[in-house]
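The next block holds one structure in the form of C-alpha coordinates; read it before the comments.
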Amino acid sequence: MDAQLLEELKKITPEEEKILSGAGEIEKNIYMSGRADIVDAGKLLEAGKMIQVRPHTRFVHFPRHTHNYIEVIYMCSGSTHHIINGEDVILEQGELLFLSQSAVQEIYPAGENDIAVNFIVLPEFFEYGLNMMEPEENLLRSFVIDCLRGENASAGYLHFKVADVLPVQNLVENLIWTIWNRQPNRRRTNQATMGLLFLQLMNCMDKLETNENAGQQKLMIAVLSYIENNYRDGELTALAESLHYDIYWLSREIKQRTGKTYTELLQAKRLNQAAFLLATTNRNIVDVAAAVGYDNISYFHRIFQKKFGVTPRTYRVGEKLT
259 MDAQLLEELK KITPEEEKIL SGAGEIEKNI YMSGRADIVD AGKLLEAGKM
309 IQVRPHTRFV HFPRHTHNYI EVIYMCSGST HHIINGEDVI LEQGELLFLS
359 QSAVQEIYPA GENDIAVNFI VLPEFFEYGL NMMEPEENLL RSFVIDCLRG
409 ENASAGYLHF KVADVLPVQN LVENLIWTIW NRQPNRRRTN QATMGLLFLQ
459 LMNCMDKLET NENAGQQKLM IAVLSYIENN YRDGELTALA ESLHYDIYWL
509 SREIKQRTGK TYTELLQAKR LNQAAFLLAT TNRNIVDVAA AVGYDNISYF
559 HRIFQKKFGV TPRTYRVGEK LT
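Residue numbering for the sequence shown follows the working numbering, beginning at 259 and increasing consecutively.
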(Lines of atoms letter the chains of each structure in order from A; the text may use other names.)
(Lines give C-alpha, C1' and ligand atoms only; values in the text may rest on other atoms or scores of the structure.)
Protein backbone atom coordinates (compact mmCIF):
# COMPACT_ATOMS: atom_id res chain seq x y z
CA MET A 259 0.00 0.00 0.00
CA ASP A 260 1.06 3.59 -0.68
CA ALA A 261 3.17 4.66 2.30
CA GLN A 262 1.55 8.08 2.64
CA LEU A 263 -1.95 6.62 2.62
CA LEU A 264 -0.97 3.98 5.16
CA GLU A 265 0.44 6.67 7.46
CA GLU A 266 -2.87 8.50 7.27
CA LEU A 267 -4.76 5.36 8.19
CA LYS A 268 -2.40 4.65 11.10
CA LYS A 269 -3.13 7.95 12.87
CA ILE A 270 -4.76 7.65 16.29
CA THR A 271 -8.33 8.93 15.99
CA PRO A 272 -10.16 10.93 18.66
CA GLU A 273 -12.27 7.83 19.36
CA GLU A 274 -9.13 5.76 19.91
CA GLU A 275 -7.64 8.45 22.16
CA LYS A 276 -10.65 8.10 24.46
CA ILE A 277 -10.26 4.33 24.49
CA LEU A 278 -6.56 4.59 25.32
CA SER A 279 -7.31 7.06 28.09
CA GLY A 280 -9.47 4.49 29.83
CA ALA A 281 -12.92 4.48 28.20
CA GLY A 282 -12.66 0.71 27.93
CA GLU A 283 -15.45 0.09 25.43
CA ILE A 284 -16.90 1.41 22.19
CA GLU A 285 -19.19 4.42 22.18
CA LYS A 286 -22.36 2.83 20.88
CA ASN A 287 -23.87 6.16 19.88
CA ILE A 288 -21.16 6.46 17.18
CA TYR A 289 -22.37 3.28 15.52
CA MET A 290 -25.88 2.43 16.62
CA SER A 291 -29.31 4.00 16.89
CA GLY A 292 -31.34 3.19 19.97
CA ARG A 293 -30.60 0.07 21.94
CA ALA A 294 -30.41 -2.45 19.11
CA ASP A 295 -26.98 -3.96 18.44
CA ILE A 296 -27.20 -3.05 14.76
CA VAL A 297 -24.49 -0.84 13.30
CA ASP A 298 -26.42 1.78 11.36
CA ALA A 299 -25.31 3.06 7.95
CA GLY A 300 -27.08 6.31 8.77
CA LYS A 301 -24.53 6.92 11.51
CA LEU A 302 -21.49 6.27 9.33
CA LEU A 303 -22.43 7.48 5.83
CA GLU A 304 -22.66 11.10 4.73
CA ALA A 305 -26.08 12.08 3.43
CA GLY A 306 -26.59 10.92 -0.14
CA LYS A 307 -23.53 8.65 -0.16
CA MET A 308 -23.65 4.95 -0.92
CA ILE A 309 -20.11 4.04 0.15
CA GLN A 310 -17.65 5.29 2.73
CA VAL A 311 -14.37 4.09 4.22
CA ARG A 312 -13.17 4.46 7.78
CA PRO A 313 -10.21 2.93 9.61
CA HIS A 314 -11.17 0.09 11.91
CA THR A 315 -11.16 1.29 15.53
CA ARG A 316 -8.33 -0.40 17.42
CA PHE A 317 -7.60 -1.16 21.08
CA VAL A 318 -11.17 -2.19 21.95
CA HIS A 319 -13.43 -5.22 21.87
CA PHE A 320 -16.48 -4.91 19.62
CA PRO A 321 -19.33 -6.96 21.08
CA ARG A 322 -21.67 -9.04 18.92
CA HIS A 323 -23.49 -6.95 16.33
CA THR A 324 -24.97 -6.97 12.84
CA HIS A 325 -25.11 -4.23 10.16
CA ASN A 326 -27.92 -2.76 8.09
CA TYR A 327 -25.47 -2.46 5.19
CA ILE A 328 -22.82 -4.62 3.53
CA GLU A 329 -19.43 -4.35 5.19
CA VAL A 330 -16.21 -5.05 3.34
CA ILE A 331 -13.01 -5.14 5.40
CA TYR A 332 -9.54 -4.89 3.89
CA MET A 333 -6.49 -5.61 6.04
CA CYS A 334 -3.79 -3.05 5.20
CA SER A 335 -1.24 -4.37 7.72
CA GLY A 336 -1.14 -6.76 10.67
CA SER A 337 -4.24 -8.86 11.37
CA THR A 338 -7.61 -8.81 13.11
CA HIS A 339 -9.51 -11.58 14.87
CA HIS A 340 -13.24 -11.84 14.16
CA ILE A 341 -15.99 -14.16 15.34
CA ILE A 342 -18.57 -14.38 12.55
CA ASN A 343 -21.68 -16.47 13.06
CA GLY A 344 -19.82 -18.23 15.87
CA GLU A 345 -16.73 -19.04 13.79
CA ASP A 346 -13.16 -17.76 14.17
CA VAL A 347 -11.91 -15.73 11.21
CA ILE A 348 -8.38 -14.31 11.19
CA LEU A 349 -8.01 -11.57 8.60
CA GLU A 350 -4.37 -11.19 7.53
CA GLN A 351 -2.63 -8.40 5.61
CA GLY A 352 -3.91 -8.10 2.05
CA GLU A 353 -7.06 -10.15 2.65
CA LEU A 354 -10.69 -9.15 2.07
CA LEU A 355 -13.76 -9.96 4.13
CA PHE A 356 -17.33 -9.42 2.87
CA LEU A 357 -20.09 -9.45 5.50
CA SER A 358 -23.79 -9.68 4.68
CA GLN A 359 -26.43 -7.77 6.61
CA SER A 360 -27.34 -10.97 8.46
CA ALA A 361 -23.81 -11.84 9.62
CA VAL A 362 -23.32 -11.67 13.40
CA GLN A 363 -19.86 -10.26 14.08
CA GLU A 364 -17.63 -9.84 17.12
CA ILE A 365 -14.12 -8.38 16.94
CA TYR A 366 -11.23 -8.75 19.38
CA PRO A 367 -9.05 -5.70 20.12
CA ALA A 368 -6.57 -4.78 17.40
CA GLY A 369 -3.08 -3.43 18.09
CA GLU A 370 -1.55 -0.17 16.90
CA ASN A 371 -0.07 -1.74 13.74
CA ASP A 372 -3.17 -3.75 12.89
CA ILE A 373 -4.58 -1.40 10.26
CA ALA A 374 -7.85 -2.35 8.63
CA VAL A 375 -10.21 -0.32 6.47
CA ASN A 376 -13.95 -0.80 6.73
CA PHE A 377 -16.05 -0.12 3.64
CA ILE A 378 -19.61 0.86 4.58
CA VAL A 379 -21.62 -0.01 1.47
CA LEU A 380 -25.32 0.33 0.73
CA PRO A 381 -26.51 -2.67 -1.30
CA GLU A 382 -27.58 -0.58 -4.31
CA PHE A 383 -23.96 0.53 -4.80
CA PHE A 384 -23.20 -3.01 -6.01
CA GLU A 385 -25.77 -2.99 -8.83
CA TYR A 386 -23.33 -1.54 -11.40
CA GLY A 387 -20.66 -4.10 -10.53
CA LEU A 388 -23.20 -6.92 -10.57
CA ASN A 389 -24.09 -6.06 -14.16
CA MET A 390 -20.43 -6.49 -15.11
CA MET A 391 -20.42 -10.09 -13.88
CA GLU A 392 -21.42 -12.96 -16.14
CA PRO A 393 -24.79 -14.49 -15.19
CA GLU A 394 -23.25 -17.86 -14.39
CA GLU A 395 -23.35 -19.71 -11.10
CA ASN A 396 -20.85 -18.08 -8.74
CA LEU A 397 -20.72 -17.71 -4.97
CA LEU A 398 -19.72 -14.05 -5.08
CA ARG A 399 -22.54 -13.18 -7.47
CA SER A 400 -25.07 -15.12 -5.38
CA PHE A 401 -23.84 -13.36 -2.24
CA VAL A 402 -24.27 -9.91 -3.82
CA ILE A 403 -27.73 -10.75 -5.18
CA ASP A 404 -28.87 -11.98 -1.76
CA CYS A 405 -27.60 -8.77 -0.17
CA LEU A 406 -29.38 -6.63 -2.78
CA ARG A 407 -32.63 -8.46 -2.07
CA GLY A 408 -32.17 -8.02 1.65
CA GLU A 409 -32.32 -11.77 2.10
CA ASN A 410 -30.19 -13.87 4.43
CA ALA A 411 -27.21 -14.60 2.21
CA SER A 412 -26.47 -18.29 1.84
CA ALA A 413 -23.02 -17.45 3.16
CA GLY A 414 -22.89 -14.88 5.97
CA TYR A 415 -19.37 -13.94 4.95
CA LEU A 416 -16.83 -14.39 2.17
CA HIS A 417 -13.15 -14.41 3.16
CA PHE A 418 -10.82 -13.93 0.20
CA LYS A 419 -7.17 -14.80 0.90
CA VAL A 420 -5.84 -12.71 -1.97
CA ALA A 421 -2.74 -11.06 -0.51
CA ASP A 422 -0.68 -12.44 -3.42
CA VAL A 423 -3.07 -11.28 -6.19
CA LEU A 424 -1.67 -7.94 -7.36
CA PRO A 425 -4.68 -6.79 -9.46
CA VAL A 426 -6.95 -7.23 -6.42
CA GLN A 427 -4.53 -5.29 -4.21
CA ASN A 428 -4.32 -2.45 -6.76
CA LEU A 429 -8.10 -2.19 -7.18
CA VAL A 430 -8.77 -2.13 -3.43
CA GLU A 431 -6.10 0.51 -2.88
CA ASN A 432 -7.59 2.59 -5.71
CA LEU A 433 -10.99 2.41 -4.02
CA ILE A 434 -9.59 3.47 -0.65
CA TRP A 435 -7.50 6.28 -2.14
CA THR A 436 -10.35 7.68 -4.26
CA ILE A 437 -12.87 7.71 -1.39
CA TRP A 438 -10.39 8.89 1.25
CA ASN A 439 -9.23 11.80 -0.92
CA ARG A 440 -12.75 12.73 -2.08
CA GLN A 441 -11.94 12.59 -5.78
CA PRO A 442 -14.44 14.23 -8.19
CA ASN A 443 -16.82 11.93 -10.10
CA ARG A 444 -15.93 9.25 -7.62
CA ARG A 445 -19.31 7.48 -7.50
CA ARG A 446 -19.14 6.21 -11.08
CA THR A 447 -15.39 5.60 -10.79
CA ASN A 448 -15.83 3.62 -7.58
CA GLN A 449 -18.74 1.58 -8.93
CA ALA A 450 -16.69 0.64 -12.01
CA THR A 451 -13.68 -0.20 -9.81
CA MET A 452 -15.86 -2.40 -7.61
CA GLY A 453 -17.11 -4.17 -10.74
CA LEU A 454 -13.52 -4.81 -11.84
CA LEU A 455 -12.77 -6.08 -8.34
CA PHE A 456 -15.68 -8.52 -8.61
CA LEU A 457 -14.32 -9.81 -11.93
CA GLN A 458 -10.87 -10.35 -10.40
CA LEU A 459 -12.32 -12.09 -7.35
CA MET A 460 -14.30 -14.43 -9.59
CA ASN A 461 -10.92 -15.73 -10.75
CA CYS A 462 -9.89 -16.34 -7.13
CA MET A 463 -12.58 -18.74 -5.97
CA ASP A 464 -9.87 -21.20 -4.94
CA LYS A 465 -8.75 -18.56 -2.41
CA LEU A 466 -12.20 -18.17 -0.87
CA GLU A 467 -13.27 -19.38 2.55
CA THR A 468 -16.77 -19.09 3.93
CA ASN A 469 -18.92 -20.47 6.74
CA GLU A 470 -17.28 -23.60 8.16
CA ASN A 471 -20.71 -25.13 8.74
CA ALA A 472 -21.88 -24.37 5.22
CA GLY A 473 -21.03 -27.70 3.57
CA GLN A 474 -23.11 -26.69 0.59
CA GLN A 475 -20.96 -23.63 0.05
CA LYS A 476 -17.69 -25.54 0.41
CA LEU A 477 -18.82 -28.16 -2.08
CA MET A 478 -19.86 -25.51 -4.60
CA ILE A 479 -16.56 -23.66 -4.17
CA ALA A 480 -14.80 -26.89 -5.11
CA VAL A 481 -17.09 -27.56 -8.09
CA LEU A 482 -16.95 -24.03 -9.48
CA SER A 483 -13.20 -23.74 -8.94
CA TYR A 484 -12.72 -26.99 -10.84
CA ILE A 485 -14.82 -25.69 -13.74
CA GLU A 486 -12.97 -22.35 -13.68
CA ASN A 487 -9.60 -24.09 -13.99
CA ASN A 488 -10.57 -27.06 -16.20
CA TYR A 489 -13.39 -25.82 -18.44
CA ARG A 490 -11.72 -27.04 -21.61
CA ASP A 491 -11.65 -30.74 -20.75
CA GLY A 492 -12.85 -31.08 -17.15
CA GLU A 493 -15.05 -34.13 -16.65
CA LEU A 494 -17.46 -34.85 -13.81
CA THR A 495 -15.80 -38.24 -13.32
CA ALA A 496 -12.43 -36.64 -12.62
CA LEU A 497 -14.02 -34.06 -10.29
CA ALA A 498 -15.84 -36.76 -8.32
CA GLU A 499 -12.63 -38.75 -7.96
CA SER A 500 -10.68 -35.70 -6.76
CA LEU A 501 -13.35 -34.93 -4.15
CA HIS A 502 -13.78 -38.62 -3.21
CA TYR A 503 -17.53 -38.55 -3.94
CA ASP A 504 -19.71 -41.00 -5.81
CA ILE A 505 -20.30 -39.52 -9.26
CA TYR A 506 -24.07 -40.08 -9.16
CA TRP A 507 -24.39 -38.48 -5.72
CA LEU A 508 -22.28 -35.50 -6.80
CA SER A 509 -24.32 -35.05 -9.98
CA ARG A 510 -27.56 -34.94 -7.94
CA GLU A 511 -26.07 -32.52 -5.40
CA ILE A 512 -24.90 -30.10 -8.09
CA LYS A 513 -28.34 -30.11 -9.71
CA GLN A 514 -30.12 -29.70 -6.38
CA ARG A 515 -27.90 -26.87 -5.15
CA THR A 516 -27.56 -24.84 -8.37
CA GLY A 517 -30.63 -25.77 -10.38
CA LYS A 518 -28.27 -26.76 -13.21
CA THR A 519 -26.48 -29.92 -14.22
CA TYR A 520 -22.69 -30.13 -14.25
CA THR A 521 -22.80 -30.08 -18.06
CA GLU A 522 -24.89 -26.89 -18.04
CA LEU A 523 -22.46 -25.17 -15.65
CA LEU A 524 -19.51 -26.29 -17.76
CA GLN A 525 -21.14 -25.13 -20.97
CA ALA A 526 -21.99 -21.70 -19.49
CA LYS A 527 -18.35 -21.22 -18.51
CA ARG A 528 -17.07 -22.36 -21.91
CA LEU A 529 -19.39 -20.05 -23.84
CA ASN A 530 -18.64 -17.05 -21.63
CA GLN A 531 -14.93 -17.69 -22.11
CA ALA A 532 -15.46 -18.01 -25.86
CA ALA A 533 -17.28 -14.67 -25.90
CA PHE A 534 -14.38 -13.10 -24.00
CA LEU A 535 -11.83 -14.46 -26.49
CA LEU A 536 -13.90 -13.28 -29.46
CA ALA A 537 -14.10 -9.77 -28.02
CA THR A 538 -10.50 -9.41 -26.88
CA THR A 539 -8.36 -11.43 -29.33
CA ASN A 540 -8.02 -11.90 -33.07
CA ARG A 541 -7.95 -15.70 -32.89
CA ASN A 542 -10.11 -17.30 -35.58
CA ILE A 543 -13.42 -18.83 -34.55
CA VAL A 544 -12.25 -22.43 -35.00
CA ASP A 545 -9.33 -21.78 -32.63
CA VAL A 546 -11.60 -20.09 -30.11
CA ALA A 547 -13.99 -23.03 -30.15
CA ALA A 548 -11.12 -25.48 -29.64
CA ALA A 549 -9.62 -23.35 -26.85
CA VAL A 550 -12.78 -23.65 -24.78
CA GLY A 551 -13.34 -27.34 -25.47
CA TYR A 552 -15.38 -27.65 -28.68
CA ASP A 553 -13.86 -29.50 -31.63
CA ASN A 554 -17.19 -29.69 -33.47
CA ILE A 555 -17.46 -26.20 -34.95
CA SER A 556 -21.07 -26.66 -36.12
CA TYR A 557 -22.16 -27.59 -32.62
CA PHE A 558 -20.23 -24.62 -31.19
CA HIS A 559 -21.99 -22.23 -33.61
CA ARG A 560 -25.38 -23.66 -32.68
CA ILE A 561 -25.04 -23.43 -28.89
CA PHE A 562 -23.27 -20.05 -29.04
CA GLN A 563 -26.12 -18.57 -31.07
CA LYS A 564 -28.68 -20.11 -28.73
CA LYS A 565 -27.03 -18.42 -25.72
CA PHE A 566 -26.14 -15.02 -27.17
CA GLY A 567 -28.73 -14.68 -29.94
CA VAL A 568 -26.10 -14.07 -32.64
CA THR A 569 -23.40 -16.05 -34.40
CA PRO A 570 -19.81 -15.94 -33.05
CA ARG A 571 -18.77 -13.74 -36.01
CA THR A 572 -21.62 -11.25 -35.47
CA TYR A 573 -20.86 -11.18 -31.75
CA ARG A 574 -17.20 -10.34 -32.46
CA VAL A 575 -18.08 -7.55 -34.89
CA GLY A 576 -20.60 -6.07 -32.44
CA GLU A 577 -18.11 -6.11 -29.56
CA LYS A 578 -15.39 -4.51 -31.64
CA LEU A 579 -17.74 -1.66 -32.58
CA THR A 580 -18.79 -0.88 -28.99
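Yeah, the Cβ is synthetic: ideal placement off N, Cα and C, and Gly gets one too.
With a minimum length of 3 residues, the unbroken runs of beta strand (DSSP E) contained wholly in the segment 386–434 fall at 415–418. If only complete runs of 4 or more residues are kept, the segment 261–337 shows the alpha helix (DSSP H) at 261–268, 272–276, 286–289 and 299–302, in order along the chain. Residue environment analysis places D346 among the exposed positions, since fewer than 16 neighbouring C-beta atoms fall within 10 angstroms of its C-beta. Residue I543 holds the alpha-carbon nearest to the alpha-carbon of T572 among I543, N554, K527 and L459. Under the three-state reduction of DSSP output, D346 falls in the strand class. For A368, the closest C-alpha among the options P321, F317, I342 and L416 is that of F317. With 16 or more other Cβ atoms inside 10 Å of its own Cβ, T315 counts as buried. Inter-segment contact for the segment 523–535 and the segment 549–557 is present: three or more beta-carbon pairs are separated by less than 8 angstroms.
By the CB criterion at 8 angstroms, Q449 and P425 fall outside the cutoff. Rounded to the nearest whole angstrom, the C-alpha separation of L264 and I348 is 21 angstroms. Contact check for L355 against Y415 passes: the beta carbons are separated by less than 8 angstroms. The beta carbon of M391 sits closer than 6 angstroms to the beta carbons of R399 and F456 from its chain, once the five residues preceding and following it are set aside; these are given in chain order.
Per DSSP, the beta bridge partners of E364 are I341. In the three-state scheme derived from DSSP, where H, G and I count as helix and E and B as strand, E353 is classed as coil.
For the set V423, V379 and V420, the Cα lying nearest the Cα of V402 is the one of V379. With 16 or more other Cβ atoms from the protein chains shown falling within 10 Å of its own Cβ, L267 counts as buried. Counting the other Cβ atoms within 10 Å of the Cβ of V568 gives fewer than 16, which makes it exposed. The closest CA to that of F377, considering only N389, E370, E364 and L357, is found on L357. Nearest C-alpha to K269 among A498, G352 and V375: V375. As the crow flies, the alpha-carbon of M478 is around 28 angstroms from that of D553. T338 counts as buried, since no fewer than 16 other beta carbons sit within 10 angstroms of its beta carbon.
Following the DSSP letters along the chain, one finds E493 in no alpha helix (DSSP H), marked with neither H nor E. Exposure of K564 is indicated by the presence of fewer than 16 other C-beta atoms within 10 angstroms of its C-beta. Nearest Cα to R407 within the set F418, V423 and F383: F383.
According to the DSSP assignment, L466 belongs to the beta strand (DSSP E) that extends over L466 to T468.
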